[in-house]
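4 protein chains.
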Amino acid sequence: MTTHTGRHFLQIPGPTNVPDRVLRAMSAPTIDHRGPEFSALTLRVLEAVKTVFATTGPVVIYPASGTGAWEAALVNTLDPGGRVLCFETGHFATLWQDMARSLGLVVDFVPGDWRHGVDPGSVQDKLAADTSHTVKAVCVVHNETSTGVTSRIADIRRAIDAAGHPALLLVDTVSSLGSIDYRHDEWGVDVTVAGSQKGLMLPPGLGFNAVSAKALEASRTTSHPKSFWDWKPVIEANKRGFFPCTPATNLLYGLDAALQMLLAEGLAQVFHRHARHARATRAAVRAWGLEVLCADEREYSGSLTAVLMPEGHDADEVRKIILERFDMSLGAGLGKLTGRIFRIGHLGHLNDLSLAGTLAGVQMGLELAGVPTDPSGVNAALDVLRSP
Amino acid sequence: MTTHTGRHFLQIPGPTNVPDRVLRAMSAPTIDHRGPEFSALTLRVLEAVKTVFATTGPVVIYPASGTGAWEAALVNTLDPGGRVLCFETGHFATLWQDMARSLGLVVDFVPGDWRHGVDPGSVQDKLAADTSHTVKAVCVVHNETSTGVTSRIADIRRAIDAAGHPALLLVDTVSSLGSIDYRHDEWGVDVTVAGSQKGLMLPPGLGFNAVSAKALEASRTTSHPKSFWDWKPVIEANKRGFFPCTPATNLLYGLDAALQMLLAEGLAQVFHRHARHARATRAAVRAWGLEVLCADEREYSGSLTAVLMPEGHDADEVRKIILERFDMSLGAGLGKLTGRIFRIGHLGHLNDLSLAGTLAGVQMGLELAGVPTDPSGVNAALDVLRSP
Amino acid sequence: MTTHTGRHFLQIPGPTNVPDRVLRAMSAPTIDHRGPEFSALTLRVLEAVKTVFATTGPVVIYPASGTGAWEAALVNTLDPGGRVLCFETGHFATLWQDMARSLGLVVDFVPGDWRHGVDPGSVQDKLAADTSHTVKAVCVVHNETSTGVTSRIADIRRAIDAAGHPALLLVDTVSSLGSIDYRHDEWGVDVTVAGSQKGLMLPPGLGFNAVSAKALEASRTTSHPKSFWDWKPVIEANKRGFFPCTPATNLLYGLDAALQMLLAEGLAQVFHRHARHARATRAAVRAWGLEVLCADEREYSGSLTAVLMPEGHDADEVRKIILERFDMSLGAGLGKLTGRIFRIGHLGHLNDLSLAGTLAGVQMGLELAGVPTDPSGVNAALDVLRSP
Amino acid sequence: MTTHTGRHFLQIPGPTNVPDRVLRAMSAPTIDHRGPEFSALTLRVLEAVKTVFATTGPVVIYPASGTGAWEAALVNTLDPGGRVLCFETGHFATLWQDMARSLGLVVDFVPGDWRHGVDPGSVQDKLAADTSHTVKAVCVVHNETSTGVTSRIADIRRAIDAAGHPALLLVDTVSSLGSIDYRHDEWGVDVTVAGSQKGLMLPPGLGFNAVSAKALEASRTTSHPKSFWDWKPVIEANKRGFFPCTPATNLLYGLDAALQMLLAEGLAQVFHRHARHARATRAAVRAWGLEVLCADEREYSGSLTAVLMPEGHDADEVRKIILERFDMSLGAGLGKLTGRIFRIGHLGHLNDLSLAGTLAGVQMGLELAGVPTDPSGVNAALDVLRSP
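Protein chains in written order, with the working numbering: chain B, 1 to 388; chain Y, 1001 to 1388; chain G, 2001 to 2388; chain V, 3001 to 3388.
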């Protein structure tokens, strides 16, 4: 076991590097969750978080992971046996539809190659064919954390409208919220699912549902058995700054601090920063002579970049060398991509020099693993980073 | 608004005062939840936590509140429409059976006066009468946080056995685990439900299910739709130190530290400390001339003491005065006890002098609120605390 | 060795309980002490700290203990062999004149009984007799930390003036600043010496000199060899927000936070709080049937109370019992008072209920040590604390 | 003002990046500095710190900056008017002899070009010429923080011995201790001066004197007036784990943690790590086509590298661009090197990828400032870092 000195490079696509300001905020003593100080905190946080979702509607915060927020989105809006349309954009889209099946829903799962986002044309075709409107919801992962491919939500919205279909649109933004431009209201999303541990720069432990009026209306009549995930008592208690269950107080302290940081930087700048870091990373990948997994430039992720290994080279071996030698964690290939890709997370609390260090580590790791690469990757990234 | 100096007295029956050592542990940087360092943490925590539950079986940890762990206990062990036997020992017992109904279960709810625990004789009678074994589970709250009354779990186990009934025994230990003697295995409990924010001395955000072999067996065949709460993938992934969903990493850091503290003090001493503090508190209550809500001395809670107000006095007014003047939070009366009681939490990270300060604040608050009391309460408590 | 649970009661007369907000502020990453962010911090802190000293002149902050600030006061204002007038009010006054002797100064040390402050009449007599003005400075400890006796600085100023003597007035406020009313400018003090670890609610590690124009003028011509303690380069560099030596950055973060807390509470309220806590403590001491060391009610300390033991009882034995049984640290008798008194610190970040817990611990400790006492002390204190 | 996201790069040659573990240790509550817990801490720290100085003799720890420790070294070992031999190796050597003069000592200051360390031959010549042994001490800065040049202490020791001169050897290791191989006992150093904020990975606020038997003997008879800096009462009180003045408790918590980290890594590995990072940095500097200030390869610093700017280019302009654009602090040229060099700190809690990020920032900053450079610096450094 190597002793490591200096700060660990946590460059997986989430959990991300939590700012020390947020960690300090989280270390304040826990308070009475039914007292006036807590109420003021809740009301402040609930207001600020709407800006990040770009919504004026309610945002429900759960003491749970993003996976829990997936479940909440489904059980609030759908009846048992309800039909949902899902798209195989990658590992997490697959897990989400697995969950839908486990919860007793019927899933239309449109196959995909894990290198493209959801095709809006396919959405329109599927829904237009569903003339009896048996499909109750369309589930889309905005940013596939397993592939670094985004789906174009605004276009998908337009496709649903073009089909004249009443299905709800449920979107997973776990690894895009606070990193990639996202607009719950403007894009007509019905439920936006998110988690704390990525662009929101918090440890894991909070799940989010932003809820449209239409989704809220649906939740009033759906018959899926639910209690913990039920939106209604949360939204009701939130009005006075409270929660029906004991909330994750110290994570809310952190959320308060993180939202202040995001809004002080400005969301436009936050998105620009992520896009620029993604561009620098792709420049490095190409200069090394490797291939970015995402096959459509309109769908590049601002949060992470998945790198395809040349034939005969094991991505996990590269990751292992990099972890042991340079104390950096990278994301593994998941599901059918195991060993074939590694993923560089460049989201959250990150700056140019940490990204440069990250890419330096990847470059050295590739060389040490014997992967044939051109050592010009870091410099190609610096060419991007030299401009603001 | 008064400016308060000095440390807030958080004397609600949870969340409790988190030790600064635990808060510091929680402020360590978030790490890769799929890396070797995290795996070692998980395995260490899962082993230590068993000691606190007094079990050798699996303990499932959710990134969720105790309420979530309630839901997990139900959906893993019961089929839709399954019948459960619940007892009205207080507000939380009522909420748990409300949850069971919301989840589509059929509930036999035995009424109670909120001053007694579950009557083992009643359990035996109800189950003996259920000759066709339609009752699938008995749900008991070990320590009713709303009343400060405990139920005698070992006796309830004996009652079930005496009735020769195969029902599962599900026990809520949210406000007793790590505070009041509890033995999952020895008492034949099938699912023990707990949360992080009470005797475990952590902020809220973790929920627990200790699971018997019989409960695990039941979960393999029950048909309640479940995904997030499903024990199986958690227990499977835990074997190598991982979780199927992103775990609440920083709360697990805190759990690691808190378990070390509890085990260093020794559970026997932990239980003795709580019982002694409860005794000192009751001595104060009686010396003031007030009544302890719990009506049976075999059922006194080691975690909290609920104090009945004399007729014509509003407990919430007393609490308000104490909060404003002495910066101490006490628990309110809940449900049908609103305004009639206040609750003094004396669980978790607490010592004699903090308890003395707490009781001093209550004594002054009662006097300031014009509640007729004898000012000998604090001294009566000190008479108890003077002995180890 | 007993395992202690709950928060340690640190009731020595300093270091005091550091607010967790200050501890968190101190845990921010260290920054470049020559950069713009640090400069802004310094300028903000230097401005705010003046309010606490009640001065418009410079305050020099050293990365040192209060003892260092004693030395700084002497070496900046006096020539080798210079004559200073000191008063034996207790242990720290004795140590300060010892230091003066070690530094080569000539000390007139007026004896005292350790139960009274400096007699202004004595100051006037001594100075009036010094017709050739050989005395260059009068050194007074405002609040004797070893005895809980204050000296009346305004009266001493008047005595110096009445004697028509040009001596400088050097005052140690280590255990009074930020706790007991103090006015550097109004009272015509030339150098006020302070430390971080008492009323300023910080850990030890910062020493302070507030400097009058007259003292600054003196420092320009004195010939005591000095470098680290030299005021001039500090005051010069401070103008732009910097220090000539590397400053104790993280303690300055803490000072910034602590000053914000003190000024938010308001100094008048801070002084009132301390005086009230001192009054409650004396009420307890008398109700126990014990004697407060301070013999003149005009000189009671707001920061601490020294309690005289009855003949035949060892104060250190009482302290030992209290530390082991109740996890509370009290101050020992120092120098000639060793074993004869113990000291209760009630300064800094303290509130009513913590004081009540403190006094409860003392009451139980006295009883356990077999000291004959009436157990009405805590209640006598609560009678005081019940009023705002 | 730019909003910065991500972690600031603090690459000045001290204060260095404090590990978050050390910051957390420092945020523990302050304890009684006269109690048993503190005593145990002191004894543990005093033992561990000896290993870092490579001494078996006493190490005196002051609540003060390294500058204070300079003063302590002088006033304990020298009489007023005593003669010391100093060498102009850079800015800090100059400041130290300035201090000596301020304290009334007589200084022989051997001029230097700020690109070389102390010439042992010169030491021998000077001392051999001092046949009447009027020189009482030789003062050497081991690692000149202003230039990145080390002096060869073992050779200097041999030079003193070769001259048969009894002068004491006083060595400043402020920016070398815990970074560059150093041996107090083996090299016959009499006083080693150090500070907390560099290789010891702490915030500023502690100063150190390691003291030889000969120096301790000298201190018993020297007549320099002293009190705060006096070694004797500190060494005496340290025997039982205490200090004569209030120590900087929370910085000692940090020291305890930092020493554990250094000794767990192993000093040999710590020195290797620093030397390797220095080598990588020099490789980058040369690849850029720039010049390292240090002119003798035997004297390269492991802690920092000073980079000479080409004629017509202002180092401070480069630093300003790098601070604004990349949120990295570099060291300025000091004294006669102002504007002519910048300094890259690579000491303390640093790893390969942070160094790579640092050098990437320097490379981009140089380009943006229009300094003619070859963009191969980072890659040259990676060629070094790729090997362990």
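Here a beta-carbon is modelled for each residue, glycine too, at the ideal position from N, C-alpha and C.
Along chain B, which residues have their Cβ under 7 Å away from the Cβ of R2007(G)? Taking the first residue of the third sequence as position 1, residue 2007(G) is located at position 7. Simply none; closest approach about 10 Å.
Whether or not the segment 214-234 of chain B and the segment 56-68 of chain B are in contact is what I'm after, with contact meaning three or more pairs of Cβ atoms, one per stretch, closer than 8 Å; do they touch? yes
Taking 8 Å as the cut-off, does the segment 3147-3164 of chain V touch the segment 3291-3304 of chain V (at least 3 CB pairs, one atom from each stretch)? yes
Assuming R157(B) contacts L170(B) (C-beta within less than 8 Å), just tell me the rounded distance between them. Here the question's residue 157(B) lines up with position 157 in the first sequence. Here the question's residue 170(B) lines up with position 170 in the first sequence. With 8 Å as the limit, R157(B) and L170(B) do not qualify as a contact, their Cβ atoms being about 12 Å apart.
Output the boundary residues of the beta strand (DSSP E) element that contains R3343(V). Translated into positions along the fourth sequence, residue 3343(V) becomes position 343. Element bounds for R3343(V): I3341 to G3345.
Looking only at its own chain, which residues have a Cβ that is under 6 Å from the Cβ of M2001(G), when we skip the five neighbours before and after it? The residue given as residue 2001(G) occupies position 1 in the third sequence. Note that M2001(G) scores 39 on pLDDT, short of 50, meaning its location in the model is unreliable and no value can be drawn from it.
According to the neighbour-count rule (16 or more other Cβ atoms, all chains shown, within 10 Å of its Cβ), is R220(B) buried or exposed? By one-based count along the first sequence, residue 220(B) stands at place 220. Exposed, by the Cβ-count rule.
Apply the 10 Å Cβ neighbour rule to D113(B) and answer buried if 16 or more other Cβ atoms are within range, or exposed otherwise. Here residue 113(B) refers to the residue found at position 113 of the first sequence. Classification for D113(B): exposed.
Kindly identify the DSSP beta-bridge partner or partners of I1061(Y). By 1-based counting over the second sequence, the position of residue 1061(Y) is 61. F1208(Y).
Segment contact flag, the segment 3327-3347 of chain V with the segment 3248-3255 of chain V, C-beta cutoff 8 Å, min 3 pairs: no
Taking the alpha carbon of G205(B) as the reference point, which residue from K214(B), A194(B), A215(B) and A213(B) has its own alpha carbon closest? Here residue 205(B) corresponds to residue number 205 of the first sequence, with the count starting at 1. It is A194(B).
Extent of the continuous alpha helix (DSSP H) to which A218(B) belongs: Locating residue 218(B) in the first sequence gives position 218, where the first residue counts as 1. Start and end: A213 to T221.
With a threshold of 8 Å between beta carbons, is L3023(V) in contact with chain G? Counting from one through the fourth sequence, the residue named residue 3023(V) turns up at place 23. Judged by the 8 Å Cβ criterion, L3023(V) is in contact with chain G.
Which value, in whole angstroms, describes the spacing of the CA atoms of H3091(V) and F2242(G)? For the purposes of this step, residue 3091(V) is taken as residue 91 along the fourth sequence, with counting starting at 1. For the purposes of this step, residue 2242(G) is taken as residue 242 along the third sequence, with counting starting at 1. Cα to Cα, H3091(V) sits roughly 18 Å from F2242(G).
Using only alpha-carbon positions, find the residue among S2146(G), K2136(G), T2056(G) and V2118(G) that is nearest to I2012(G). Numbered from 1 along the third sequence, position 12 holds the residue referred to as residue 2012(G). The option with the nearest alpha carbon to I2012(G) is S2146(G).
Would you kindly check if the distance between the Cβ of L2385(G) and the Cβ of A2284(G) is under 8 Å? Counting from 1 along the third sequence, the entry for residue 2284(G) is found at position 284. Counting from 1 along the third sequence, the entry for residue 2385(G) is found at position 385. In this structure, L2385(G) does not lie closer than 8 Å to A2284(G) by Cβ.
What do you reckon, are the CB atoms on V3234(V) and V3060(V) nearer than 8 Å? Along the fourth sequence, one-based indexing puts residue 3234(V) at 234. Along the fourth sequence, one-based indexing puts residue 3060(V) at 60. Against a cut-off of 8 Å, the Cβ pair of V3060(V) and V3234(V) comes out as a contact.
Rounded to whole angstroms, what's the CA-CA distance from A3369(V) to L3308(V)? Just pull it up for me. For the purposes of this step, residue 3369(V) is taken as the residue at position 369 of the fourth sequence. For the purposes of this step, residue 3308(V) is taken as the residue at position 308 of the fourth sequence. Straight-line Cα distance between these residues: approximately 15 Å.
Near L1337(Y), which residues of its chain fall below 6 Å by C-beta distance, leaving aside the five closest residues on each side in sequence? Within the second sequence, numbered from 1, the residue matching residue 1337(Y) stands at position 337. Closer than 6 Å at the Cβ level, and outside the excluded window around L1337(Y), lies no residue.
For L2389(G), I'd like the list of residues in its chain whose CB is within less than 7 Å of its CB, leaving aside the five on either flank, ordered along the chain. No information on residue 2389(G) is available, as it lies outside the stretch 2001 to 2388 that chain G covers here.
6 Å CB neighbourhood of V2084(G) in its chain, flanking five on each side removed: Looking up residue 2084(G) in the third sequence gives position 84. A2100, L2105, V2107, A2137 and C2139.
Could you check whether the Cβ of H1033(Y) sits closer than 8 Å to any Cβ belonging to chain B? Taking the second sequence and counting its residues from 1, the one referred to as residue 1033(Y) is at position 33. H1033(Y) counts as touching chain B.
Out of curiosity, what's the CA-to-CA distance linking L1041(Y) and T373(B)? Within the second sequence, numbered from 1, the residue matching residue 1041(Y) stands at position 41. Within the first sequence, numbered from 1, the residue matching residue 373(B) stands at position 373. Their backbone Cα atoms lie some 36 Å apart in a straight line.
Given this structure, state the Cα-to-Cα distance separating N2017(G) from L2267(G), to the nearest angstrom. Counting from 1 along the third sequence, the entry for residue 2017(G) is found at position 17. Counting from 1 along the third sequence, the entry for residue 2267(G) is found at position 267. Approximately 18 Å between the Cα atoms of the pair.
Indicate whether at least one CB of chain B lies closer than 8 Å to the CB of L3255(V). On the fourth sequence, position 255 is the one that residue 3255(V) refers to. No - not a single Cβ of chain B is within 8 Å of the one on L3255(V).
Using a Cβ cut-off of 8 Å, pull out every chain G residue sitting near L1382(Y), in sequence order please. Counted from its first residue, the second sequence places residue 1382(Y) at position 382. A2360, Q2363, M2364, P2375 and V2378, listed in chain order.
Neighbour flag for E1324(Y) against chain G, beta carbons, 8 Å: The residue given as residue 1324(Y) occupies position 324 in the second sequence. It does not: the Cβ of E1324(Y) has no partner Cβ on chain G nearer than 8 Å.
Which of the residues in the segment 1344-1356 of chain Y, read from start to end, lie with their CB under 9 Å from any CB of chain G? G1348, H1349, L1350, N1351, D1352, L1353, S1354, L1355 and A1356
Are the C-beta atoms of V2107(G) and some chain V residue less than 8 Å apart? Taking the third sequence and counting its residues from 1, one reaches residue 2107(G) at position 107. Chain V contact via Cβ: absent.
Look up D1155(Y) in the DSSP assignment and say whether it is helix, strand or coil. As a first step, residue 1155(Y) must be located in the second sequence, where it is residue number 155. Of the three classes helix, strand and coil, the one that applies to D1155(Y) here is helix, per DSSP.
What do you reckon, are the CB atoms on V3362(V) and H3313(V) nearer than 8 Å? Translated into positions along the fourth sequence, residue 3362(V) becomes position 362. Translated into positions along the fourth sequence, residue 3313(V) becomes position 313. No, Cβ-Cβ distance for V3362(V) and H3313(V) is not below 8 Å.
Residues that S329(B) bridges to, as DSSP identifies them: What you label residue 329(B) is simply residue 329 of the first sequence in a count that begins at 1. In DSSP, S329(B) forms a bridge with L10(B).
Name the residue from H3142(V), C3294(V), A3278(V) and T3089(V) whose alpha carbon lies nearest to the alpha carbon of A3380(V). Residue numbering aside, residue 3380(V) sits at position 380 when the fourth sequence is read from its first letter. It is A3278(V).
Any idea what DSSP makes of F1243(Y), helix, strand or coil? As a first step, residue 1243(Y) must be located in the second sequence, where it is residue number 243. Looking at F1243(Y) - three-state DSSP - the assignment turns out to be coil, as it is neither helix nor strand.
Strand pairing of A1073(Y), partner residues [DSSP]: As a first step, residue 1073(Y) is located in the second sequence; it is residue number 73 there, counting from the start. Its beta-bridge partners do not exist; DSSP assigns none.
Please name the residue in L3023(V), E3324(V), C3086(V) and T3222(V) whose C-alpha comes closest to that of H3142(V). Taking the first residue of the fourth sequence as position 1, residue 3142(V) is located at position 142. Closest option to H3142(V), Cα to Cα, is C3086(V).
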